[in-house]
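S.K.: Residue numbers (numbering that gives the first Met the number 0), protein chains in the order written: chain X, 0 to 228; chain H, 0 to 222.
Cβ coordinates follow ideal geometry from the N, Cα and C atoms, glycine included.
This one's a predicted model, so the numbers in the text were calculated from it and none came from an experiment.
Here's a structure for you.
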Amino acid sequence: MTVQPLNRLQAAWRAARDIADGMVVNLGLGMPLHVADYLGPEVDVFIQSENGVIGVGPLAPTDRIDTDLVDAGSRRITLRPGASIVDSSWSFAMIRGGHVDVTILGAFEVAANGDLANWDMRLPNKGPLVGGAMDLAVGARAVWVIMEHMTRKGTPRLVETCTLPLTAVRCVKRVYTDLAVIEVTHDGMVVREMLDDMTEAELRARTGATLVFAPDCRPLVAPPIAQPE
Amino acid sequence: MPIDKRVNSAAEALADVSDGATVLISGFGGAGFANVLIRALCDRGAKNLTLVVNSATHRYSLTHELIEAGLVRKIVCSAARSHNAEPTPFERLWVAGKIDLECVPQGTFAERIRAGGAGIAAFYTPVGFGTELAGGKEVRCFDGREHVLEQAIKGDLALVRADTADRYGNLTFRYAQINFGPVMAMAAKLAVAEVRTVLDAPIPHDRVQLPGVFVDRVVAAGK
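Structure, rendered in structure tokens:
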């Protein structure tokens, strides 16, 4: 099986295609943050960060860094026009109250019923770090996940039942992996797009949950994007 | 007597902090850490502290100095992990069972503190349902959705970083510095703010981000 999976930036590019004009979007640390780099000029969105920034702009150039202007990941940012900044309780009222249209999160595992595990890998001697993950997974109007289809050890991340501690139950609506785009529905996982040079059997072999292939399942394609080392 | 909440030093601002205090400390994402006050609290040497702080340790915060000095008994936070390969002082003490940890989803953390300052004893939130962080907590269904009962957090002391203050204790914040400052000041018996500068003139009413009603002492800490 010679399959050329998308790299992380290509997966972010693909997720960015589904961000609609006018949305309020929260991007998790890691792969999801790259989605902001691939929004088209026709898409005007506000990126919300859990620390209370509504309207995160590009990273600050080194000569314009302000140590008080950061996002939830401690990155030194700029603000977009129309931005505002609120305190943490208001920021999470926005998240919990359903005022964020979509959050795109990284994950360790997603289950067939939409259960999400993305906060605790049970690393020995490392403290837990939940941050705003549970609030976002429960509160955002849609929860999308970007993750590699399999772990480095080659085990599936899409599973019947999560084995790692849950972030939230039945919350994930869509998953973008390096192999496929999958919707999580009441009837289980539905493959909407899959790499062109892959067979259904090959995708099933890499997936720990039952897959249904949409009748109009399309090829998953992305332009070449070099992945920085 | 005219209201004047200005004090001359961080040490003076914290002179009456006792052992066993619950201390709320602002700061998140690298902004708003009350590091001058944290160091003064360290110098004060009050023991058996409970820290309520978003990150147990953060590379821009000095909470690790309190932890290393053995002054902390328990931490309530949403993040207890460093990005370093080396374990932090917190992680070493926590693994050794010498410090207690309560890990709380960040929005629940903010709302529990807000409730503490707003006269709300507890509230139901959908966040955490079905996870180990809701273990042992009451669950109740509203509108067909499961919610978890979460209790308010109150503190003896809040340490807050802000940008400017006036003598009435009114505060302004720069950018993302604001984060947990307002709710923490509201939820503590004694709220102390360190600011870049204390202004001689009152802050205009429409610039005040936290009214001085919620702030007891302000100290100029510079940049």
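Which runs of the beta strand (DSSP E), 3 residues or longer, sit entirely within the stretch 52-121 of chain H?
M.R.: Entirely contained in the stretch 52-121 of chain H, the beta strand (DSSP E) runs reaching 3 residues are, in chain order, 71-76 and 99-102.
S.K.: When the Cα of T196/H is compared with those of S81/H, T171/H and G134/H, which residue comes out closest?
M.R.: Within the second sequence, numbered from 1, the residue matching residue 196/H stands at position 197. When each option's Cα is compared against that of T196/H, the closest is T171/H.
S.K.: To the nearest angstrom, how far is it from the Cα of A120/H to the Cα of E101/H?
M.R.: Numbered from its first residue, the second sequence carries residue 120/H at position 121. Numbered from its first residue, the second sequence carries residue 101/H at position 102. Near 19 Å, if we compare the C-alpha coordinates of E101/H and A120/H.
S.K.: Can a CB atom of chain X be found closer than 9 Å to the CB of E64/H?
M.R.: Against the second sequence, residue 64/H aligns to sequence position 65. So no, E64/H is outside the interface.
S.K.: Which residues in the same chain have their Cβ closer than 8 Å to the Cβ of V109/X, if we skip the five residues on either side of it in sequence?
M.R.: On the first sequence, residue 109/X is found 110 positions in, with the first residue counted as 1. Within the same chain, V109/X has close Cβ partners L115, A116, V144, M146, R156, L157, V158, C161, V171, V174 and V183.
S.K.: Using Cβ-Cβ distances below 9 Å, what residues of the stretch 92-116 of chain X are close to chain B?
M.R.: The structure shown contains no chain B; its protein chains are X and H.
S.K.: So, for G106/H: in the same chain, excluding its five sequence neighbours on each side, which residues have a beta-carbon less than 7 Å away from its beta-carbon?
M.R.: Sequence index remark: in the second sequence, residue 106/H carries index 107 (1-based). Only V126 meet the Cβ criterion.
S.K.: Can you give me the C-alpha to C-alpha distance between L48/H and L70/H, rounded to a whole angstrom?
M.R.: Here residue 48/H is taken as the residue at index 49 of the second sequence, counted from 1. Here residue 70/H is taken as the residue at index 71 of the second sequence, counted from 1. Computed Cα separation, rounded: 6 Å.
S.K.: DSSP on W143/X, reduced to helix/strand/coil?
M.R.: Within the first sequence, residue 143/X is the residue found at index 144, counting from 1. Here W143/X sits in strand by DSSP.
S.K.: Report all residues from its chain with a CB closer than 6 Å to the CB of G26/H; omit the five preceding and five following residues, and keep chain order.
M.R.: Looking up residue 26/H in the second sequence gives position 27. Only F32 and S60 meet the Cβ criterion.
S.K.: May I have the straight-line CA-CA distance separating S83/X from A111/X, to the nearest angstrom?
M.R.: Residue 83/X sits at position 84 when you count from the first residue of the first sequence. Residue 111/X sits at position 112 when you count from the first residue of the first sequence. One C-alpha to the other measures close to 38 Å.
S.K.: Please look up how many angstroms separate the CB atoms of V168/X and G129/H, rounded, as I've assumed it's under 8 Å.
M.R.: For the purposes of this step, residue 168/X is identified with residue 169 of the first sequence, where counting begins at 1. For the purposes of this step, residue 129/H is identified with residue 130 of the second sequence, where counting begins at 1. Between G129/H and V168/X the Cβ distance is about 4 Å, and since that is below 8 Å, they are a contact.
S.K.: Ordered along the chain, which non-local residues of its own chain (more than five positions away) have a Cβ less than 6 Å from that of A78/H?
M.R.: Counted from its first residue, the second sequence places residue 78/H at position 79. So the qualifying residues of the chain are S54.
S.K.: Decide if the stretch 46-56 of chain X is in contact with the stretch 13-20 of chain X; the criterion is three or more beta carbon pairs, one per stretch, under 8 Å apart.
M.R.: In short, these stretches do not touch, since the Cβ pair count stays below three.
S.K.: Taking the C-alpha atoms as reference points, what is the distance between A190/H and H57/H?
M.R.: Along the second sequence, one-based indexing puts residue 190/H at 191. Along the second sequence, one-based indexing puts residue 57/H at 58. Spanning the two alpha carbons is a distance of roughly 22 Å.
S.K.: What first and last residue would you give for the alpha helix (DSSP H) that runs through V197/H?
M.R.: The sequence position of residue 197/H within the second sequence is 198, counting from 1. Note, V197/H: premise wrong, no alpha helix (DSSP H); beta strand (DSSP E) at A187 to V197.
S.K.: Which first and last residues belong to the beta strand (DSSP E) in which C140/H is found?
M.R.: As a working mapping, residue 140/H is identified with position 141 in the second sequence. V138 to F141 is the span of the beta strand (DSSP E), which, as asked, contains C140/H.
S.K.: For K4/H, does the count of other Cβ atoms within 10 angstroms reach 16, so buried, or fall short, so exposed?
M.R.: Position 5 of the second sequence holds residue 4/H. Counting Cβ neighbours within 10 Å, K4/H comes out buried, since at least 16 surround it.
S.K.: For L165/X, I'd like the list of residues in its chain whose CB is within less than 6 Å of its CB, leaving aside the five on either flank, ordered along the chain.
M.R.: In the first sequence, the residue the question calls residue 165/X occupies position 166. Answer for L165/X: D114 and A116, listed in chain order.
S.K.: Run through the stretch 16-44 of chain X for me and flag every whole beta strand (DSSP E) of 3 or more residues, listed as ranges in chain order.
M.R.: Runs of the beta strand (DSSP E) inside the stretch 16-44 of chain X: 23-26.
S.K.: With a threshold of 9 Å between beta-carbons, can Q176/H be considered close to chain X, or not?
M.R.: Against the second sequence, residue 176/H aligns to sequence position 177. Yes, its Cβ sits closer than 9 Å to a Cβ of chain X.
S.K.: Can you tell me the Cα-Cα spacing of M193/X and P210/H, whole angstroms?
M.R.: Sequence index remark: in the first sequence, residue 193/X carries index 194 (1-based). Sequence index remark: in the second sequence, residue 210/H carries index 211 (1-based). Distance between the alpha carbons of M193/X and P210/H is about 55 Å.
S.K.: For M133/X, report the span of its alpha helix (DSSP H) as first-last.
M.R.: For this step, residue 133/X is matched to residue 134 along the first sequence. Unbroken alpha helix (DSSP H) run through M133/X: A132 to G138.
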